[in-house]
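S.K.: In terms of the working numbering, the sequence shown opens at residue 0 and continues consecutively. Glycine included, every Cβ here is placed at the ideal spot set by N, Cα and C. Pasting a structure here, questions to come.
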Amino acid sequence: MSEGQIVLSRLTKHYRGVRAVDELSFQVEAGRVTGFLGPNGAGKTTTLRMLLGLVQPTSGEAAIGGRRYVDLAQPIRTVGAVLDASAAHQGRTGRNHLRVYCAAAGLPYSRADEVLDQVGLTAAADRKFKGYSLGMKQRLGIATAMLGDPGVLILDEPANGLDPEGIHWLRGFLRRLAADGRTVLVSSHLLTEMQSLADDVVIVAAGKLIRQGRISELLQTVSRSRIRIRTPRLAELAAALTAVGAIVETTTAGTLLVEGIDQATVSRTALGAQLEIHDLGTDTPDLEQAFLELTSGKAAIR
Numbered sequence: 000m001s002e003g004q005i006v007l008s009r010l011t012k013h014y015r016g017v018r019a020v021d022e023l024s025f026q027v028e029a030g031r032v033t034g035f036l037g038p039n040g041a042g043k044t045t046t047l048r049m050l051l052g053l054v055q056p057t058s059g060e061a062a063i064g065g066r067r068y069v070d071l072a073q074p075i076r077t078v079g080a081v082l083d084a085s086a087a088h089q090g091r092t093g094r095n096h097l098r099v100y101c102a103a104a105g106l107p108y109s110r111a112d113e114v115l116d117q118v119g120l121t122a123a124a125d126r127k128f129k130g131y132s133l134g135m136k137q138r139l140g141i142a143t144a145m146l147g148d149p150g151v152l153i154l155d156e157p158a159n160g161l162d163p164e165g166i167h168w169l170r171g172f173l174r175r176l177a178a179d180g181r182t183v184l185v186s187s188h189l190l191t192e193m194q195s196l197a198d199d200v201v202i203v204a205a206g207k208l209i210r211q212g213r214i215s216e217l218l219q220t221v222s223r224s225r226i227r228i229r230t231p232r233l234a235e236l237a238a239a240l241t242a243v244g245a246i247v248e249t250t251t252a253g254t255l256l257v258e259g260i261d262q263a264t265v266s267r268t269a270l271g272a273q274l275e276i277h278d279l280g281t282d283t284p285d286l287e288q289a290f291l292e293l294t295s296g297k298a299a300i301r
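Here it is, written out as structure tokens:
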């Protein structure tokens, strides 16, 4: 097992008879960004807290490089984590906040300035935390996680509060960490962004593993390409296409999504029924579509 590999084996947590996490097993590899996804109440945060030794599992194991978090000789130099970006003293400056952690970990104060520069907060280093925007708090949390130059980074919703420029920065930052051979595990509800960021995904629901694998493979095996049609006569065209064996879905955007037939058949059917088509194209499978198919679309994600 590599030093940065995360392995969960039948990890389980009961809360008053409810299984928040139910024999969850998966692994996260070094040198890759892994997205951790699931509906509301799927057990993602509880899982991360058990991985970091903050919650005791009912049964099962969670290990980083073959060791439980509590058994790591130098946790801050092995794992960096951000579970709550607002968890800082409101009256401290960003620099002082980091220096407190440096002192506790035996790191030089200069390390605080280095990570402030890494996350783009040098100009705000001497502002008090209570004056930080949510995006700035996220950056400070990531700076705190990077103090020990860890090989593993675990982030819960790191893009919350970031503007488009900040999200672009975060994507590049995490990709560089993975390219450097580090392990990056990210929980997020921004599925479009996760499709651009992550190499792999772990999808959970009701505390159980639903699917794990590379995003590219997931999209090929779960999602399917569909034909997207824009027409002023939705109901009539939908009925005509259904009559020739198509599976048709009418979207809230006023288009038809069609599968089971090809574009040539769509065109012939519309022509035969004298129905006008304004636009005809392919609806490319994406992570959001795959996620909803796997989780049945029963809950919003967070």
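When you compare the CB positions of Ile166 and Ala178, do they come within less than 9 Å of one another, or not?
M.R.: Taking 9 Å as the Cβ cut-off, Ile166 and Ala178 do not qualify as a contacting pair.
S.K.: Looking at Leu106: is its Cβ nearer than 9 Å to the Cβ of Gly134?
M.R.: Going by C-beta atoms, Leu106 is not nearer than 9 Å to Gly134.
S.K.: Leaving aside the five residues before and after Arg18 along the sequence, list all residues of the same chain whose C-beta is less than 6 Å from its C-beta, in chain order.
M.R.: Closer than 6 Å at Cβ, skipping near neighbours: Gly206.
S.K.: Please tell me whether, using a cut-off of 8 Å, the distance from the CB of Val257 to the nearest non-hydrogen atom of the ligand NAD is below it.
M.R.: No copy of the ligand NAD appears in this structure; indeed no ligand is present at all.
S.K.: Grab me the residues of Gln194's own chain with a C-beta within less than 7 Å of its C-beta, minus the 5 sequence neighbours each way, in chain order.
M.R.: Correct list, in chain order: Ile214, Asp285 and Leu286.
S.K.: Would you mind reading off the limits of the alpha helix (DSSP H) that contains Leu25?
M.R.: The displayed chain sequence assigns Phe, not Leu, to residue 25. Unbroken run through Phe25 is the beta strand (DSSP E), Val17 to Val27; no alpha helix (DSSP H).
S.K.: Put Ala197 into one of helix, strand or coil per three-state DSSP.
M.R.: Looking at Ala197 - three-state DSSP - the assignment turns out to be coil, as it is neither helix nor strand.
S.K.: Check whether the Cβ atoms of Leu184 and Leu152 sit closer than 9 Å, and answer yes or no.
M.R.: Yes, they are a contact pair.
S.K.: Can you list, in chain order, the residues of its chain whose CB lies under 7 Å from that of Leu169, leaving out five sequence neighbours each side?
M.R.: Hits under 7 Å: Pro157, Ala158 and Leu161.
S.K.: If you run the structure through DSSP and keep just helix, strand and coil, what is Glu60?
M.R.: Strand, per DSSP.
S.K.: Any idea what DSSP makes of Ala80, helix, strand or coil?
M.R.: Of the three classes helix, strand and coil, the one that applies to Ala80 here is strand, per DSSP.
S.K.: Measure from the alpha carbon of Gly244 to the alpha carbon of each residue in Thr264, Val54 and Leu146, then state which is nearest.
M.R.: Out of Thr264, Val54 and Leu146, Thr264 has the C-alpha closest to the C-alpha of Gly244.
S.K.: Is it the case that the Cβ atoms of Leu274 and Thr230 are separated by a distance below 9 Å?
M.R.: Cβ distance < 9 Å, so Leu274 and Thr230 count as in contact.
S.K.: Look at the alpha carbon of Thr251 and the alpha carbon of Lys127, and state the distance between them as a whole number of angstroms.
M.R.: Straight-line Cα distance between these residues: approximately 45 Å.
S.K.: Counting Cβ pairs closer than 8 Å, one from the region 24-40 and one from the region 65-74, do we hit at least three?
M.R.: Touching, no.
S.K.: Taking 8 Å as the limit between beta carbons, can you name the residues of its chain near Glu235, skipping five residues before and five after?
M.R.: Hits under 8 Å: Ala272 and Leu274.
S.K.: How would you write the range of the alpha helix (DSSP H) that Ile246 sits in, first residue to last?
M.R.: First-last for Ile246: Ile246 to Thr249, but that is the beta strand (DSSP E), not the alpha helix (DSSP H).
S.K.: Can you give me the Cβ contacts of Ala123 inside the same chain, cut-off strictly under 8 Å, excluding the 5 residues immediately before and after it?
M.R.: Excluding positions up to five away in sequence, the list reads Gly93, Tyr131 and Met135.
S.K.: In three-state terms, what does DSSP make of Ser186?
M.R.: Strand at Ser186.
S.K.: Hey, quick one: how far does the beta strand (DSSP E) through Arg227 stretch, first residue to last?
M.R.: First-last of the beta strand (DSSP E) with Arg227: Arg225 to Arg229.
S.K.: State the beta-bridge partners of Gln73 as determined by DSSP.
M.R.: DSSP output for Gln73 lists no bridge partner at all.
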